[in-house]
Amino acid sequence: LRLEALLRRAVEKQEIFLHYQPQVEIDTGRLVGVEALVRWQNPELGLVAPSRFIPVAEDMGFIKPLGQWVLAEACRQMVSWDKAGLAVPKIAVNLSVRQFERGSIAEQVSGVLREAGLGPGRLQLEVTESVIMHAGDALQLVNDLDAIGVGLAIDDFGTGYSSLAYLKQLPVQTLKIDRSFIKDISTDANDEAIAVAIIQLGKSLNLSVIAEGVENEEQAAFLLRHGCRHAQGYLYSRPVGPDDILTRWRREA
Ligand code: G
Ligand code: G
Ligand code: MN
Ligand code: NA
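Add 23 to a position in the sequence shown, counting from 1, and you land on the number used in our numbering.
Here it is, written out as structure tokens:
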């Protein structure tokens with residue numbers, strides 16, 4: 024209850040902010056995008072993890088305004104990097120199932136893009152398999168988003184269950200291999216098999232595949248060898264503030 028009360032005021036008190044984790048082309052190290060990850064720093068609670076407050080926000084009906092703020096801030100940040108001389112190719116923003124329920128997500132997103140002055144092609148929305156499979160009119164909503172030109176990625180792919188037939192119908196561009204399969208990729212035969220299967224699936228369906236949670240060169244080499252070209256993880260960078268993105272990548276661009 025205390026958490027709820029504090030969370031309710033967190034946006035207006037400017038306690039909520041975003042960190043950004045680079046997504047890179049494994050082969051060249053080039054920046055291909057960033058994922059926006061929300062943070063909450065409260066004077067009383069300290070830094071609260073999203074795994075702790077996102078579910079609370081969902082339960083108390085606060086995810087809509089919070090999600091709206093995250094989307095808007097992510098888009099504003101892209102334009103701000105542009106102005107500072109760093110063109111980040113795209114930004115990925117996580118959507119929770121509650122934002123996906125009942126209509127007008129596409130209207131909300133296009134409003135945010137218009138206000139920020141960001142082209143729709145530079146925004147990618149991340150949803151999990153369960154969001155896609157369980158939200159009532161998910162197919163309609165996803166098609167609406169596709170129609171305004173934003174990209175869609177399936178997050179934590181392989182941990183939920185999605186029908187491959189359904190996946191084929193969806194206007195999705197990217198599969199994100201969950202980091203649980205990457206962790207022991209070169210020592211655990213099952214994880215290896217799953218990762219390779221997802222990469223193959225991506226090839227067959229003409230989707231781009233990005234691996235999450237890449238922490239060492241061995242994992243990166245494995246992925247590259249099996250045809251996964253993009254990765255995100257501590258090997259490249261932790262999630263960092265906007266200025267850190269600027270100083271590191273403007274130099275390397
Ligand atoms: O760094 P990390 O602890 O940030 O993120 C933990 C989890 O919180 C991730 O699985 C991520 O999907 C989720 N998350 C991070 N930011 C957001 C956000 O803005 N919205 C939603 N719905 N989930 C987020
Ligand atoms: O959206 P999602 O579940 O994928 O959020 C990414 C989460 O994974 C965040 O909590 C982020 O801090 C975390 N993360 C990102 N890179 C790594 C990594 O290389 N290793 C581990 N263990 N966690 C990571
Ligand atoms: Mn994600
Ligand atoms: Na994930």
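Backbone N, C-alpha and C define an ideal beta-carbon position, used for all residues, glycine too. Predicted model only: the values in this text are computed from it and were never measured.
For residue i, name the three-state secondary structure that DSSP assigns.
i	result
Ile114	strand
Ser231	strand
Pro45	strand
Glu58	strand
Asp105	helix
Ala33	helix
Thr51	coil
Phe40	strand
Glu138	helix
Ala244	helix
Glu149	strand
Gly90	helix
Ala254	strand
Leu70	strand
Compute the beta-carbon to beta-carbon distance between residue i and residue j, rounded to the nearest angstrom, for a pair I have assumed lies under 8 Å.
i	j	result
Val79	Leu30	6 Å
Val150	Leu118	5 Å
Lys199	Asp178	5 Å
Gln64	Val57	About 20 Å; that fails the 8 Å criterion.
Leu94	Val116	6 Å
Gly90	Gln122	5 Å
Asp102	Gly140	Before going further, note that residue 102 is Val rather than Asp in the sequence given. Right, their Cβ atoms sit about 6 Å apart.
Ala22	Asp167	Outside the shown range of the chain, which is 24 to 276, sits residue 22, and nothing can be said about it.
Ile39	Trp104	Between Trp104 and Ile39 the Cβ distance is about 20 Å, and since that is not below 8 Å, they are no contact.
Ala176	Ile114	In fact, because the Cβ distance is near 11 Å, the residues do not count as touching under 8 Å.
Ala254	Ile49	5 Å
Spatial neighbours of residue i within its chain, please: C-beta separation below 6 Å, excluding the five flanking residues on both sides.
i	result
Asp214	Phe204, Asp207 and Ile208
Cys251	Ile222, Val232 and Ala234
Phe245	Ile208 and Ser209
Val154	Val120 and Phe123
His249	Val219 and Ile222
Ile268	Tyr43
Pro265	Gln100
Met83	Glu27
Ile171	Ala129, Ser133 and Pro143
Glu238	Gly256, Tyr257 and Leu258
Can you list, in chain order, the residues of its chain whose CB lies under 7 Å from that of residue i, leaving out five sequence neighbours each side?
i	result
Gln242	Ile205, Ile208 and Ser209
Gly236	Arg202, Ile205, Lys206 and Gly256
Glu96	Leu41
Glu230	The question names Glu, but residue 230 is Leu in the sequence shown. Excluding sequence neighbours, Leu230 sits near Val195, Gln196, Thr197 and Leu198.
Apart from the five residues just before and just after residue i, which ones in its own chain have a Cβ nearer than 8 Å to its Cβ?
i	result
Val173	Val132, Leu136, Pro143, Gly144, Leu146, Gln147 and Leu148
Phe180	Glu152, Leu198, Lys199, Ile200, Asp201 and Ile221
Ser186	Met156
Val55	Gln46, Val47, Glu48, Pro112, Lys113 and His253
Leu68	Leu26 and Leu29
Using a C-beta cutoff of 7 Å, does residue i count as contacting chain B?
i	result
Leu187	Protein chains in the displayed structure number just one, and chain B is not present.
Under the criterion of a Cβ to heavy atom distance below 6 Å, does residue i qualify as lining ligand 6?
i	result
Gly256	This structure simply doesn't include ligand 6; it includes ligand 1, ligand 2, ligand 3 and ligand 4 instead.
Problem set entry | Residues proximal to ligand 3 by C-beta, any heavy atom closer than 5 Å | Every residue passing the under-5 Å Cβ criterion appears here: Asn117, Glu149 and Asp178.
For this session: Kindly provide the ranges of any alpha helix (DSSP H) runs that are 4 or more residues long and lie completely inside the stretch 156-240, ordered along the chain.
Result: Fully enclosed alpha helix (DSSP H) runs of 4 or longer: 161-171, 187-192, 202-205 and 212-228.
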